[in-house]
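Participant: Residue numbering for the sequence shown follows our numbering, starting at 1475 and increasing by one per position. All C-beta atoms in this analysis are idealised placements derived from N, C-alpha and C, irrespective of residue type, glycine included. Let me begin by handing over the structure; questions about it come next.
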Amino acid sequence: MINSKYGTDSIRAPVLALDLGSKRVGVAVSDSLSISINRLDAIQRTNWKQLLRDVEKLALRLDAQTLVIGLPLKLNGSLGDSALATRQTALKFARSLRLPVYLQDERLSSAEAEANLRAAGVRPEEIGKRVDSEAAALILRDFLGSDQQRMLVSPHLSE
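What follows is the structure in structure tokens.
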């Protein structure tokens, strides 16, 4: 299902990034030159069909050319239940959208996102609403900054 490609492909922008959570999906997008990153409102996660519709609409509105999804690996780099579920969702996106779909290692992105928001003086009651999209922005930053953790999801490979 995953085709690891390091440094051999050029990424088309804007890039749409998702941080998949069980209740919310954090969203961030790069500009067309991949210089700046904008955090968008999180998507409420209900079911696969609704998530696909929401992401399709967003990708069209933003003219996204690439989709990157955070892969929640364990600290030792192994795949746990969350990472396996994320891989399956990424495969569904790769089969449903006309965009290249990548997975990006996102270890500790939520903790870093929360720390960033606290450091920026965001009120505690607002952090929960913003942490998912802040995490998506960190995933996108890492994706754009280094190709060493990029994994292209091929819709043609078996699960």
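Compare the beta carbon distance of I1485 and T1540 with 8 Å and say whether it is the shorter of the two.
Facilitator: Going by C-beta atoms, I1485 is nearer than 8 Å to T1540.
Participant: Can you check DSSP and say which residues form a bridge with A1502?
Facilitator: Paired residues: A1491 and R1513.
Participant: K1566: which of N1521, I1517, N1590 and L1618 sits nearest, CA to CA?
Facilitator: K1566 has its Cα closest to that of N1521, out of N1521, I1517, N1590 and L1618.
Participant: Are there 16 or more other CB atoms within 10 angstroms of the CB of R1513, so buried, or fewer, so exposed?
Facilitator: That one is buried.
Participant: Tell whether a beta-carbon distance below 8 Å holds between Q1693 and V1542.
Facilitator: Lying before the first or after the last residue shown, residue 1693 is absent from the chain, which here runs from 1475 to 1633.
Participant: Determine, using beta carbons only, whether S1570 and L1525 come nearer to each other than 8 Å.
Facilitator: Their beta carbons are not under 8 Å apart, which means S1570 does not touch L1525 by this criterion.
Participant: I need the boundaries of the alpha helix (DSSP H) containing I1543, first residue and last residue.
Facilitator: Element bounds for I1543: not the alpha helix (DSSP H) but the beta strand (DSSP E), T1540 to L1545.
Participant: Rounded C-beta distance between L1582 and E1608? I'm assuming under 8 Å.
Facilitator: 13 Å between Cβ atoms; not a contact.
Participant: Consult DSSP for R1535 and reduce its assignment to one of helix, strand or coil.
Facilitator: Helix at R1535.
Participant: I'd like the list of long-range same chain contacts for A1533, defined as Cβ closer than 8 Å, with 5 residues on each side in sequence excluded.
Facilitator: Around A1533: L1490, L1541, L1571 and L1573.
Participant: Select from S1506, A1516 and V1605 the residue whose C-alpha is nearest the C-alpha of A1589.
Facilitator: Looking at the Cα atoms, V1605 is the closest of the given residues.
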